[in-house]
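Each position in the sequence shown, counted from 1, maps to that position plus 1 in the numbering used here.
Note that the Cβ used here is the ideal one computed from N, Cα and C, for glycine as well.
In this text, all values refer to a predicted model and were calculated from it rather than measured experimentally.
Structure first, commentary second.
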Amino acid sequence: MQDTSMIDHYRQLVRNTTIDDRTLLSTDYFNHFNEVIMLLSMVSDMPEMLDEIVAWTPKTYRQHFEDSGLAFAPIAIEAFDHVPPEYRVPFDETINDMNSLIVEAVATLSAMRDDPDMLGFTAGDYWRRLQELVDRGSAIVHGSVQDHNPAVTMDQSEIDDLF
């Protein structure tokens, strides 16, 4: 059980940042994965981008913010230790799914290196699947957790609250 006064303290500290004040998570972390999505989307026209995908290495939430240079990075790192479990568990599961999918993509695509058409087609499938996971993770960051359902969606009131 987490100390609600500590969570409330961090909820105050993260206001006016890109950290959600309910979940204490930031969608900025997904920029790390957006690199791979962009590279995967380019493979059909530029098969040599596979080398960049192979060279990509995962970063934890903390590592991303330590390397980010963002002004709010220290508070993002601190707040992460206080993310309520109802958000932290599905968030961590989604990140694990993303990292596993990238490992799978690297192995699968590397084996297709000599077949540019199949390589491009398969890379397209992987970037779409990875984008779906980023969308799920973003929904969690903004407080939408629905029984760890891979097809997490936000209802209209949650979308309205974002804007």
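Shown here for Asp136: not one same chain residue has a beta carbon closer than 7 Å to its own, the five before and five after excluded. The C-alpha of Ala140 lies about 12 Å from the C-alpha of Gln132.
By the Cβ rule, the stretch 29-47 counts as touching the stretch 115-133, because three or more pairs are nearer than 8 Å. Here Ser111 carries a helix assignment [DSSP, helix/strand/coil]. Around the beta carbon of Ala56, fewer than 16 other beta carbons lie within 10 angstroms, which makes this residue exposed.
When beta bridges are read from the DSSP output, Ile20 appears opposite Ser27. For the pair Leu102 and Leu134, the CB atoms are nearer than the 8 Å cut-off. The beta carbons of Thr18 and Val142 sit about 12 Å from each other, so the pair does not count as a contact at 8 Å. Exposure of Met7 is indicated by the presence of fewer than 16 other C-beta atoms within 10 angstroms of its C-beta.
Collapsing the DSSP output to three states places Met47 in coil. Per the C-alpha coordinates, the member of Gln13, Ile20, Leu26 positioned closest to Glu87 is Leu26. Rounded to whole angstroms, the gap between the alpha carbons of Leu110 and Met99 is 16 Å. Contact annotation: Glu67 and Ile78 have beta-carbon atoms nearer than 8 Å.
Residue Ile20 holds the alpha-carbon nearest to the alpha-carbon of Ala72 among Asp93, Gln13, Ile20.
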